[in-house]
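Colleague: UniProt numbering applies: residue 1 is where the sequence shown begins, and numbers increase by one. No residue lacks a Cβ here, since even glycine has one placed at the ideal position from N, Cα and C.
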Amino acid sequence: MNKVLFFAHLRDAVGEEFLKIDASGKTVAELKAELVHNYNLPKLDSVMTAVNEEFAQDDEVIQDGDEVAFIPPVSGG
């Protein structure tokens with residue numbers, strides 16, 4: 001089982017700070033596609049992903065127990 005964290009507008013869209021999902025064996029890209037479909041999220045192309053607090057690419061495979069976080073780009077001044 002994996003803890004999947006959401007930040008900023010993604011948290012609002014999902015309605016939860018995090019979800020418990022079995023993402024073991026999936027790539028980051030596969031998990032993104034599943035979340036977009038299941039939770040009606042906007043495309044996650046520009047969102048940074050971290051696995052176990054380290055930035056991850058879309059082809060990284062998620063292991064059982066990994067914590068995955070989706071972090072939208074921030075802007076400000």
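Starting from K3, trace the beta strand (DSSP E) both ways and give me its first and last residue.
Modeller: Your numbering for residue 3 matches position 3 in the sequence shown. From DSSP, the beta strand (DSSP E) with K3 extends over 2–6.
Colleague: State yes or no: is the C-beta of A29 within less than 7 Å of the C-beta of N2?
Modeller: Taking the sequence shown and counting its residues from 1, one reaches residue 29 at position 29. Taking the sequence shown and counting its residues from 1, one reaches residue 2 at position 2. Cβ distance not < 7 Å, so A29 and N2 don't count as in contact.
Colleague: What would DSSP say about K32, mapped onto helix, strand or coil?
Modeller: Mapped onto the sequence shown, residue 32 falls at position 32. Note: K32 maps to helix in three-state DSSP.
Colleague: Measure from the alpha carbon of I71 to the alpha carbon of each residue in V47, E53, G65, then state which is nearest.
Modeller: Position 71 of the sequence shown, counted from the first residue, corresponds to residue 71. Closest by alpha carbon: V47.
Colleague: Among D64, D12, E67, which has the Cα closest to the Cα of N40?
Modeller: Counting from 1 along the sequence shown, the entry for residue 40 is found at position 40. It is D12.
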